[in-house]
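Written out below as structure tokens is the structure these notes cover.
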Amino acid sequence: MGQLTPEQAEVVAIRDRPVLVQAGPGSGKTRTLVHKFLSLVEEGISAERILVLTFSQKAAAEMRHRVELATQESVKTLWISTFHSFGNDLIKRYPVESGVPRSFRLLTGFKEWVLVRDVLHRMPVSSALMAARECRGLVGEVANSLALLKQNLLGPEALEMASVHCPDALLEDLARIYRGYEAELRHRRHFDFRDLILCANDLLARPEIREAQQARFDAVLVDELQDMDQAQALLIGELTRGSPLAGRVTACGDINQSIYGFRGAQPAEVLGAFRQTFPEALERALSRNHRSLPGLVALCRRVFPAAGQDDDHGVGEEPPVQVMTNPTSLAEATGIVREILRLRRTPRADGGRTYQWRDMAVLCRSLKRDTKTIENELERFGVPYRVQGNAGFYRNEAVAFLVNYVLALVDEGSDVALRRVLASPIPGLPQLPIARFLDRVVRRDRHAGRYFWFLRFLMEREDPERFKVFRPAKDDADEAKAELTAEKDAFAKVRPPYFYSLMSLEDKQAFYDFHQRFLILRARARRSQDALPALISAVAVQTGLIAWILRLEEEDPRLAARHAANVKKLHSMVEDFTEIAVQGEDATPPSLEDLAEHLRELLEHFSNESEVEAPGEEFLEAPNVVSVMTVHQAKGLEFDVVFVPHLVAGRFPSPPRPSAVLSEIAVDALERVQPSFRDPSKLSPEEHYEEEKRLFYVAITRAKERLILSWAKRYDGEEDDSSPSPFLLQVLGGREVSFWRKVQEEKAAVSVVLGELAAASQNPPIAFCDTEGLAGSLEGALNVDELEVALRRLYRRGSPEVRAKVQSALKGPEVRDANLDQAFVTSRTPFPREKDRELELGSSGLVLSASRLGDFGDCPRKFYYSKLLHLQRPSGAPAVFGTVVHEALEAFHNDHPDKRKLADSDRLAELAAELRQRLSDALVANQESFGSPFQFRRSLASALSMVDPYLALQAEEPLPFVAGREINVRFQAAGAEMIAKIDRVCADAPELADAHEVLIADYKTMRWATTRGLTFQGWIKKGSEIQLVTYYRAYLEHFGVAPSYLGKIFLRHTSDWRPGTLEILLQVTEEKPPKGDPFNGRDGRKWTDWAWISPAELDDAWEAIEEQVRRIHASDRTRFEITPSPRVCGYCSYSAICGKEEHDVADS
């Protein structure tokens, strides 16, 4: 008791009265419960007669661990468990009364998902649910809805009663699915987690069972009261009703830390139910925060005024709170890593040792959306880190390899999974050859599996005995020999790829062995003679995964144990999948194809499932790495330094996520039947804001000594500037309304007003940092490379006095010890480390295209980066939209080449509906590539609204047939090879071979201005339009027919993404069409969308393009220079590395 504060000691000393403890963060809640447990044991109560109920297994394990440490003995029979474990034990004690056989099995989350999927696909449903039946994640949404109904104590009968108040048949469908799900559970002898609580409550409602359970225990301790739902609260009331046990209940919780509303937690209702069940309860508060510095506690009180008092901590020299404003998400991630590296060299607040990596954590609102840039920067600066749960069980390296290998065995059409397998270090393939192989496959657009066969045949040609290719046997030996001879003769003329000659014999043997194992496993999977779990085990062993884990164990036993635990979990999931399938109606063991068919949907549904820890790992010393995790994962943890990024509106707080199954009308109908029903996805805006506010409160209360809050003005994939989170304004002591009034009235920058709020804050003092301009400065340099660039920039821009000081500093001993490149710092040449050399761009060394010529025209160095070095630029939502729409339009015109059908209004409506469906399916299939749900929804709406104006333009075109789609043409230009991919060719005949007149058209995703036909004609004359001129010349060279029309189709407007489909059409004619002709270009004084252009003007434009080709292939070219311009540089992806700013060019 001497270790306790007076508040804690009072709670421990209370006897024979129920106690409700409001325990704030860092107030020693768990310590108080442990001491109360030990105090009861010291008074003579057996440890086995004290029931401790917690919300999670993690909390139960922590409580048990602390009790065992205090007693110095392992107590096997301690009743420290979760509510679900208690219910499970109660059902097993009374199998007859519960109506459950002794052999019942608990349905895990994975098996529950599979069972709901089976029921959903077999159950007839109305059109209300049919529309969403094929949506990604619908199975998970239905499973969540069933769980929510059980948590709210609603059965199928209640749904049927509520359906009379619901105009559609949604609740009727859900009631049928509910009944079918429950019937399948009984048939297969399974229970889900909600059933454990519901059945336990039913058992405790029987007096004889309740009295028997009350006789087993002398005290009840409850932890995390705020995270309970109604069913769990009812269980406590039933267990203690009418018994002396009701006076020996101690419950702890903090309503301000209730962050599991999305799982059905109802803190206000549960707190009210506890007070009603135990009216004699004493309410006590643990208000003193023993975890955080006084400044941090003061900051927490700005979020919740009753957040508690601070303890007597020492105060460091620096302010404990810092706010960082950043121009971009990349700058925000870089700023976080810079601060981590700075703090790594900084003494702790108590003046002791410096901070270790394990002392720091980055807490994000969402791992899937928020961590990629931060991870990249942590890796770039060499900071050791670990993403808790690794953003999902399926991102574990061993699990990802095994899953991709399974997909590669089944899916022969796509090689995406096989490429991921080859890129993994687990198979042990030689690094450099496999890197060259994958580079060749990607750049030449080859199928990795078929290209592997190509290498196998090359190896066999080199050494038939060592690298034998096994062929199916033939009855006719002479015929087989003749085929083999013909094959070898044909293959002898094939030239191997460049990297094949660089492969050693050992490299080729490794490739051969990998492919042989792959083929053997694929044949084994096709035979389907093995049980699915046995096949997965064989894949893990024969691919080298188990051997890789064993080798890893010698270097990092903890990491190896975690990988092994996750592979074991995947194997258990496959066993569950097999068990559920065998217990179904057809009772057929599933094949590998059956698993792969649903694997991608399973990965999507369980993408946020945490990685499995190795047994006992939670009680070992944390690895010395920076932790990256969600705020939910950080609940119950504490760190010396905490970073909370992405504090902008729309990210933190995040917008509510509506349910795809329970609509607002359905929820209203359910509330009529049961007024206490609560759907967390249908919270009011105020309730959702409070939930997010509590989540933010949990995040900032994890910090013990330092807290860094950051936001960025612009995030990747978003067109508009971000607004600082209202939570950030609140902790700065400002009000949202007055903040924005000051920004608007004084026309002040947002960052400036934030800085003023930080400067005005006294308790706590808040440091403010704007990272704009920090990159490239001496203050921001964190390694030798950055210091060299910063000194070079200072030297190039500085006055003679500054240059003299830099030169003097470079001669100092500290600089010599740092191995700075002094010549680089003081050189006056733009690229001091880039040596002139022959680039060897012969006429056959580079295939050019219109887009490559466009890059060269914009900036030769941009062309160098993108087309020669193949530095990949990120694909934004417009690029993804364009690719998907191009493919959908190509498939549509393949099926409907005759545009004369568009004249029939009925047929036009059918075609429009078909095209909308194609676009919708294609975009849904690629929705993950859009970066955010907002971008996907906007793109989908834009594509669907584009259909009618697009088809209307097609009907107006002068030629009736779409005779060519996505035509690839290779031809010569100024002695060099060029390629043109023509999006669409219309003709006066169904086949291009019979055509006399053709129209070639180019699709553009967006248009930037109000474009007209004569505007477009001017672009061609000035050389600004390369694409269509190249298409025109390519068609003329390849087919010998000059196109009669040139078209550019703009699918939408870029400024606001309105449906703005527009087609600019130019007629190729020697003479200007007369007035009144649709291709004259004018309608009175107005310009029209159609105009004309002469062949001579197209020839002149082509000559300019050929001159550009000659410039690229110039024999004396040794480099590609930079031509800075605001129009190009403002949107260039390579501006960060080209060093074009004020001719201060960083080393390339």
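Counting from 1 along the sequence shown, just add 30 to a position and that's the residue number in our numbering.
C-beta atoms are modelled at their ideal positions from N, C-alpha and C, and glycine is treated no differently.
Do we get a CB-CB distance below 8 Å when we pair residue i with the residues of chain D?
i, result
"glutamine 965", "Here there is only one protein chain, and chain D is not present."
Spatial neighbours of residue i within its chain, please: C-beta separation below 6 Å, excluding the five flanking residues on both sides.
i, result
"methionine 659", "Gln418"
"threonine 307", "Gly267"
"serine 273", "Gln244"
"cysteine 229", "Ile121, Ser128"
"valine 761", "Leu329, Arg332"
"leucine 255", "Ala281, Gly283"
"glutamate 202", "Ser193"
"histidine 195", "Ala699, Arg702"
Judging by CA-CA distance, which residue of the options is the nearest neighbour of residue i?
i, options, result
"serine 317", "Ala295, Thr307, Asn286", "Asn286"
"valine 977", "Leu1092, Tyr1061, Thr1041", "Leu1092"
"alanine 177", "Ala971, Trp143, Asp203", "Trp143"
"cysteine 799", "Gly365, Tyr727, Gln572", "Gly365"
"isoleucine 404", "Asp606, Ile370, Tyr528, Gly382", "Ile370"
"asparagine 793", "Leu68, Arg332, Ala188", "Arg332"
"glutamate 701", "Met191, Arg147, Arg94", "Met191"
"leucine 184", "Met533, Val169, Glu212", "Glu212"
"histidine 923", "Lys897, Pro756, Phe669, Gln984", "Gln984"
"leucine 329", "Pro675, Ala91, Ala971, Ala733", "Ala733"
"arginine 45", "Glu73, Gly58, Thr60, Val64", "Glu73"
"serine 444", "Pro414, Leu432, Val433, Arg476", "Arg476"
"aspartate 4", "Asp1107, Leu562, Ser791", "Any property of residue 4 remains undetermined from this structure, which presents the chain solely from 31 to 1178."
Indicate the three-state DSSP secondary structure (helix, strand or coil) for residue i in the structure shown.
i, result
"glycine 479", "helix"
"leucine 981", "helix"
"threonine 60", "helix"
"alanine 943", "helix"
"aspartate 198", "coil"
"alanine 1144", "coil"
"glycine 994", "strand"
"serine 52", "A small correction: the amino acid at residue 52 is glutamine; serine does not occupy that position in the sequence shown. Strand."
"arginine 416", "strand"
"glutamate 920", "helix"
"glutamate 1093", "strand"
"asparagine 118", "helix"
"lysine 498", "coil"
"glutamate 92", "helix"
"methionine 603", "helix"
"aspartate 1129", "helix"
"proline 830", "helix"
For residue i, I'd like the list of residues in its chain whose CB is within less than 8 Å of its CB, leaving aside the five on either flank, ordered along the chain.
i, result
"arginine 416", "Pro653, Val655, Val656, Ser657, Val658"
"glutamate 1067", "Val999, Phe1001, Gln1002"
"glutamate 241", "Ser273"
"leucine 878", "Ala1003, Ala1006, Glu1007, Met1008, Ile1009, Val1139, Ile1142"
Who are the near neighbours of residue i in its chain, counting only those whose CB is closer than 7 Å to its CB and skipping five residues on each side?
i, result
"leucine 1044", "Gly1111, Trp1117, Ala1121"
"aspartate 257", "Phe85, Ser288, Tyr290, Ala295"
"glycine 574", "Ile456, Pro457, Gly458"
"lysine 931", "Arg937, Leu941"
"arginine 466", "Phe529"
"phenylalanine 544", "Pro457, Leu459"
"aspartate 389", "Phe669, Asp670, Val671"
Verify whether the separation of the beta carbon atoms of residue i and residue j is less than 8 Å.
i, j, result
"valine 126", "leucine 108", "no"
"leucine 981", "alanine 942", "yes"
"histidine 601", "isoleucine 566", "yes"
"threonine 801", "asparagine 356", "yes"
"valine 782", "arginine 736", "no"
"valine 915", "leucine 945", "no"
"leucine 821", "valine 855", "yes"
Write down every uninterrupted run of the beta strand (DSSP E) in the region 730 to 790 whose length is 3 residues or greater and which is fully enclosed by it, in chain order.
Segments of the beta strand (DSSP E) lying fully in the region 730 to 790: 733 to 744.
Whole alpha helix (DSSP H) elements within the region 1010 to 1091, 4-residue minimum:
Complete alpha helix (DSSP H) runs here, min 4: 1043 to 1052, 1057 to 1069.
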